[in-house]
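Okay, so the sequence shown: first residue is 460 according to our numbering, each after it adds one.
C-beta atoms are modelled at their ideal positions from N, C-alpha and C, and glycine is treated no differently.
On a predicted model such as this, the values are computed, not experimentally measured, just so you know.
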Amino acid sequence: MNFGPLPSVDAAAVPSEGFVLDVREDDEWAAGHVEGALHIPMSDFVARFGELTEVVEDGRRVHVMCRVGGRSAQVTQYLVRQGIDAVNIDGGMQAWDGAGRPMVTDNGNPAFVL
């Protein structure tokens with residue numbers, strides 16, 4: 460069964476109030492992330508899926524983020540199959556940073572993409 464092309468969006472086109480799901484690992488998240496993003500590493504994703512479904516009960520769109528777009532594409536595919544409105548952020552955090560979008564850290568250090 461073919462679901463067609465994966466829904467995706469440019470990092471520059473993610474609305475500033477858009478909901479971001481970051482599926483990178485802890486060290487990548489610690490280096491720099493989108494403020495307000497939900498962090499569920501891909502390695503924990505199935506076990507922690509309920510954390511996401513609680514947040515998106517209102518049907519809001521999920522913008523899925525990783526470093527360059529590979530892991531997030533897999534998670535986006537999974538979410539779409541679950542009936543969740545999800546889009547992959549093309550180019551991931553590297554594209555986000557390249558577009559000059561803001562990043563934060565939890566410890567106040569300058570943010571960067573690991």
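Span separating the alpha-carbon of residue i from that of residue j
i, j, result
"Val505", "Asn568", "31 Å"
"Met524", "Asp544", "14 Å"
"Asp556", "Met562", "8 Å"
"Ala570", "Thr564", "6 Å"
"Gly559", "Phe508", "30 Å"
"Pro466", "Val546", "5 Å"
"Ala471", "Pro500", "23 Å"
"Ala532", "Thr512", "18 Å"
Residue span of the alpha helix (DSSP H) that contains residue i, given as start and end
i, result
"Leu538", "529-540"
"Val521", "Val521 -> not in any alpha helix (DSSP H); beta strand (DSSP E) instead, spanning 521-524."
"Asp469", "Premise fails: Asp469 lies in the beta strand (DSSP E), 467-469, not in any alpha helix (DSSP H)."
"Glu487", "485-490"
Simplified DSSP state of residue i, which is helix, strand or coil
i, result
"Ser576", "The structure shown does not extend to residue 576, since the chain is modelled only from 460 through 573, so no value can be given for it."
"Leu511", "helix"
"Asp556", "helix"
"Ala545", "strand"
"Asp481", "strand"
8 Å contact criterion, which residue i and residue j should meet: CB distance rounded
i, j, result
"Val534", "Gly551", "Not a contact, Cβ separation roughly 12 Å."
"Arg520", "Gly477", "7 Å"
Top-ranked residue by Cα proximity to residue i, from the options
i, options, result
"Glu494", "Val539, Val473, Glu513, Ser502", "Val473"
"Arg483", "Val515, Ala558, Ile548", "Ile548"
"Gly518", "Arg530, Ser502, Asp503, Leu538", "Leu538"
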